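When we follow this note's numbering, the leftmost residue of the sequence shown carries the number 178, and every step to the right adds one.
To keep things clear, I will list the structure first and then write my remarks on it.
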Amino acid sequence: MPKARGLFMLLLPALLAAPAASSAAEGAKRDVVLNSTAFLTAHPDLRWRREGMLAYDQGRLELAADYFRRAARYADKPSQAMYAEMLWEGRGVAMDRPLAYAWMDLAAERAYPTFLGKRERYWTELDEAGRQRAMEVGQAVYAEYGDAVAKRRLEAILERAAHNVTGSRVGFVGRVDVLVPGPNGTWERIRGNEYYAKQFWQPQQYWHWQDQTWKAAGPGRVEVRKPEQIEDRPPADDAPPPAP
C-alpha cells in the first residue's frame, strides 16, 4: 500500500480550514461539519479529493487518480497537484512527465507556494522536447480544468445549495439547527449559522478562504492526516444538500 507522502497528501476538508478553531471542541465540531454527507455533496471539490485520498491510502491507485480528476473539475488545486504527482511518478496512471508539468502548472495557477515550488522542480527536470510538449498539452488541460471554467462549476452548485437554506440566503438561517452524522453512528446538532458559515458557501468568500490557507501554508508546512472512513457516504450525483 502506498504511503501518504510529500506535500500532496492533503487528505480531509478540515485541512483547508482557516483560521484555526479557537478550541479543541470547536475544531472537532468543524471537522464533523466538513466531513458530513450533505456538506460534501455540495462541495464536490472536497468530496472527491477526500475519496481520492481514501482510495490512494488503500492502494487503489487507478481509482484514486479518477477521483482526483473529478475534484480537479471543480477547481481543487490540491487534487490537481496530486494528479500531477501521480503522472510524474507513474502511480496509478502511465508516467507522462510533460503532462504532469501541465497539471502542476495548473495547480500553481493561484500562485500557492506549495505548488509553485513543485512546478519549478518539474520544469528543471524536463529536457527541451519535454518542455515543448508540456506547453502543447497544457492548453487542453487548462481548457477543461482551469479556474476560468472549473470555478464556475462549483459556484453553480454552491448557489443552488444556498437557495435551499431557510431564508433563501446563506447567512440568514435564524435559529435553524442542522443534524449531521458524527462518529460511531451518532448524530450531532450544529447551529445553522455555523454550518452555513459564509466562507464555506458564498463563492467569493470560499475562494478567499482557500487563498488565505494555501498562500499562508508555504512549502513544507502543510499538516497531513490519515483520512477517516465514514459510513454515511455521499450519494453518486452532485446535487446540493437537502434543506435543513
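Just so it is clear, CB atoms sit at the ideal spot from N, CA and C, and this is done for glycine as well.
Note that the structure is predicted; figures quoted are calculated from it, not measured.
- Task: Report buried or exposed for residue 329, applying the criterion of at least 16 other Cβ atoms within 10 angstroms of its Cβ.
- Result: exposed
- Query: For the region 221-280, which segments carrying the alpha helix (DSSP H) assignment without a break, of at least 4 residues, lie completely within its bounds, in sequence order?
  - Reply: 221-234, 238-249 and 254-266
- Task: Could you tell me if residue 381 is buried or exposed, where buried requires 16 or more neighbouring beta carbons within 10 angstroms of its beta carbon?
- Result: exposed
- Query: Which value, in whole angstroms, describes the spacing of the CA atoms of residue 236 and residue 286?
  - Reply: 29 Å
- Work out the CA separation of residue 340 and residue 332 for me, nearest whole Å. 13 Å
- Message: What would DSSP say about residue 304, mapped onto helix, strand or coil?
- Response: Correct three-state label for residue 304: coil.
- Are the region 245-256 and the region 270-279 touching by the rule of at least three beta carbon pairs closer than 8 Å? Touching, no, given that fewer than three Cβ pairs across the two stretches are closer than 8 Å.
- Query: Rounded to a whole number of angstroms, what is the C-alpha to C-alpha distance between residue 281 and residue 300?
  - Reply: One C-alpha to the other measures close to 10 Å.
- Item | residue 330: first and last residue of the uninterrupted alpha helix (DSSP H) it sits in | 324-339
- From which residue to which residue does the alpha helix (DSSP H) around residue 379 run? Looking at the DSSP string, residue 379 is not in any alpha helix (DSSP H), and its letter there is neither H nor E.
- Let me know the secondary structure DSSP gives residue 399 once reduced to three states. Confidence is the limiting factor: at residue 399 the pLDDT is only 38, short of 50, which leaves the residue's position unreliable, though a coordinate-based value still follows. Looking at residue 399 - three-state DSSP - the assignment turns out to be coil, as it is neither helix nor strand.
- Query: Is it the case that the Cβ atoms of residue 249 and residue 240 are separated by a distance below 8 Å?
  - Reply: no
- Message: Between the alpha carbons of residue 258 and residue 292, how many angstroms are there, rounded?
- Response: 7 Å
- Give the secondary structure of residue 286 by DSSP, where H, G and I count as helix, E and B as strand, and everything else as coil. Here residue 286 sits in coil by DSSP.
- Task: Would you kindly work out how many angstroms separate the C-alpha atoms of residue 238 and residue 266, rounded to a whole number?
- Result: 12 Å
- C-beta contact flag for residue 338 and residue 378 at 8 Å: Yes, the Cβ-Cβ distance between residue 338 and residue 378 is below 8 Å.
- Item | Limits of the unbroken alpha helix (DSSP H) element including residue 215 | 214-218
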